[in-house]
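For the sequence shown, counting from 1, position 49 maps to 49 in UniProt numbering; every step adds exactly one.
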Amino acid sequence: MRGRDFQKLGALALALTLGGWLWRGVTLSPYQGITGPAARYILRTAEETGASNVVAAILFDYRGFDTLGEASVIYTTVCGVALLFAKRRYRRSSHGLSFIVKRGMALLVPFILLYASSIIVMGHLSPGGGFQGGAVMATVTVLFCVVYGSSFEAARVNPKVKETIESLGALLFLVVGLVGLWAGGEFLSNGAAGFHLGTRGHLFSGGTIPLLNVAVGMKVGAGLSTLFYSMVKILEDPTESSPEVPS
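In structure tokens:
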């Protein structure tokens with residue numbers, strides 16, 4: 001038997017084993033309704049937090065310090081990567097793609113940023129939030145690098161500006177959390193600390209949750225963008241002209 005045949009048999013055995021486990025899990029665990037803490041969160045989230053998005057309410061109200069640790073992951077990663085690549089530089093990869101692609105990208109970017117902003121701002125009302133919206137916003141940096149060349153954005157936006165935005169987002173998140181403590185509740189306390197929750201379903205509702213979404217969106221968007229460019233640092237070549245700027 002050849003090595004390829006062993007690989008096929010191994011893959012088949014693994015698929016059958018996983019399929020058997022899934023079948024047993026489904027047949028031995030019949031649906032018994034919503035029980036335990038989940039019932040309270042689903043039924044009382046709107047009343048206690050003012051947010052329609054249960055996930056956002058759990059992240060930015062009920063969990064407290066857990067969310068602070070999660071939010072600090074990207075910040076810590078950016079610091080580590082920046083330290084690791086501090087003295088490494090790479091030559092610019094290209095001048096980007098064709099003129100048509102560059103024009104199309106110039107028209108597309110405002111809509112990407114608008115969509116990312118709506119995900120952040122509406123995160124307490126619908127699926128989304130600061131994490132998701134910040135990630136969408138950071139894709140603009142990657143698209144700029146691919147379409148216009150790796151030096152396009154770096155030559156126009158000072159990396160220190162992104163680092164400042166990320167730090168401000170982290171500071172805002174921490175301050176809002178500490179205000180909950182100051183108001184007599186726990187870290188990231190919302191309605192329990194006396195904040196006005198507004199009317200469910202309205203844009204200005206959810207107490208501090210929309211503000212926390214904005215803070216996380218700043219952190220994630222600027223952090224991922226900084227992280228990306230930390231790994232594609234460029235060494236300016238004086239023989240190359242700068243990438244074309246769309247008008």
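Beta carbons are placed, not taken as given, at the ideal position from N, Cα and C, and that holds for glycine.
Bear in mind that the values here come from a model prediction, so they are computed numbers and not experimental data.
Inter-residue Cα distance where the pair is alanine 38 and valine 55: Your numbering for residue 38 matches position 38 in the sequence shown. Your numbering for residue 55 matches position 55 in the sequence shown. Rounded to the nearest whole angstrom, the CA to CA distance from alanine 38 to valine 55 is 11 Å.
From Thr35, Gly50, Trp21, residue whose alpha carbon lies closest to that of phenylalanine 204: Sequence index remark: in the sequence shown, residue 204 carries index 204 (1-based). Distances from the alpha-carbon of phenylalanine 204 to those of Thr35, Gly50, Trp21 put Gly50 closest.
Can you say whether glycine 10 is buried or exposed, counting buried as having 16 or more other CB atoms within 10 angstroms of its CB? Within the sequence shown, numbered from 1, the residue matching residue 10 stands at position 10. With fewer than 16 other Cβ atoms within 10 Å, it is exposed.
Can you give the Cα-Cα distance for glycine 185 and alanine 193, rounded to whole angstroms? Translated into the one-based positions of the sequence shown, residue 185 becomes position 185. Translated into the one-based positions of the sequence shown, residue 193 becomes position 193. Glycine 185 and alanine 193: Cα-Cα distance of roughly 5 Å.
Counting pairs of beta carbons, one from the region 160-168 and one from the region 208-219, are three or more of them closer than 8 Å? Flag = yes, the region 160-168 and the region 208-219 touch.
Can you check whether the CB of alanine 215 is closer than 8 Å to the CB of valine 179? Taking the sequence shown and counting its residues from 1, one reaches residue 179 at position 179. Taking the sequence shown and counting its residues from 1, one reaches residue 215 at position 215. The answer is no: Cβ separation not under 8 Å.
Identify the continuous alpha helix (DSSP H) that holds aspartate 66 and give its terminal residues. Against the sequence shown, residue 66 aligns to sequence position 66. Per DSSP, aspartate 66 belongs to the alpha helix (DSSP H) from 65-84.
Among Ala106, Val121, Leu172, Phe111, which has the Cα closest to the Cα of cysteine 145? Position 145 of the sequence shown holds residue 145. The option with the nearest alpha carbon to cysteine 145 is Ala106.
Nearest by alpha-carbon distance to alanine 138: which of Leu16, Gly33, Gly223 is it? In the sequence shown, counting from the first residue as 1, residue 138 sits at position 138. Of Leu16, Gly33, Gly223, the residue nearest in Cα terms is Gly223.
Let's see if you can read the secondary structure: which residues bound the alpha helix (DSSP H) around glycine 130? On the sequence shown, position 130 is the one that residue 130 refers to. According to the DSSP assignment, glycine 130 belongs to the alpha helix (DSSP H) that extends over 130-148.
Please state if the CB of glycine 96 and the CB of tyrosine 62 are separated by a distance shorter than 8 Å. Taking the first residue of the sequence shown as position 1, residue 62 is located at position 62. Taking the first residue of the sequence shown as position 1, residue 96 is located at position 96. For tyrosine 62 and glycine 96, no; Cβs fall outside 8 Å.
Burial state of alanine 57, where buried means 16 or more other Cβ atoms lie within 10 Å: As a working note, residue 57 is residue 57 in the sequence shown. With 16 or more Cβ atoms within 10 Å of its Cβ, alanine 57 is classed as buried.
Among the candidates Val73, Glu153, Thr17, whose CA atom is the shortest distance from the CA of tyrosine 229? As a working note, residue 229 is residue 229 in the sequence shown. Tyrosine 229 has its Cα closest to that of Glu153, out of Val73, Glu153, Thr17.
C-beta contact flag for glycine 206 and histidine 124 at 8 Å: The residue you call residue 206 lines up with position 206 of the sequence shown. The residue you call residue 124 lines up with position 124 of the sequence shown. It is a contact, given that the beta carbons lie within the stated cut-off.
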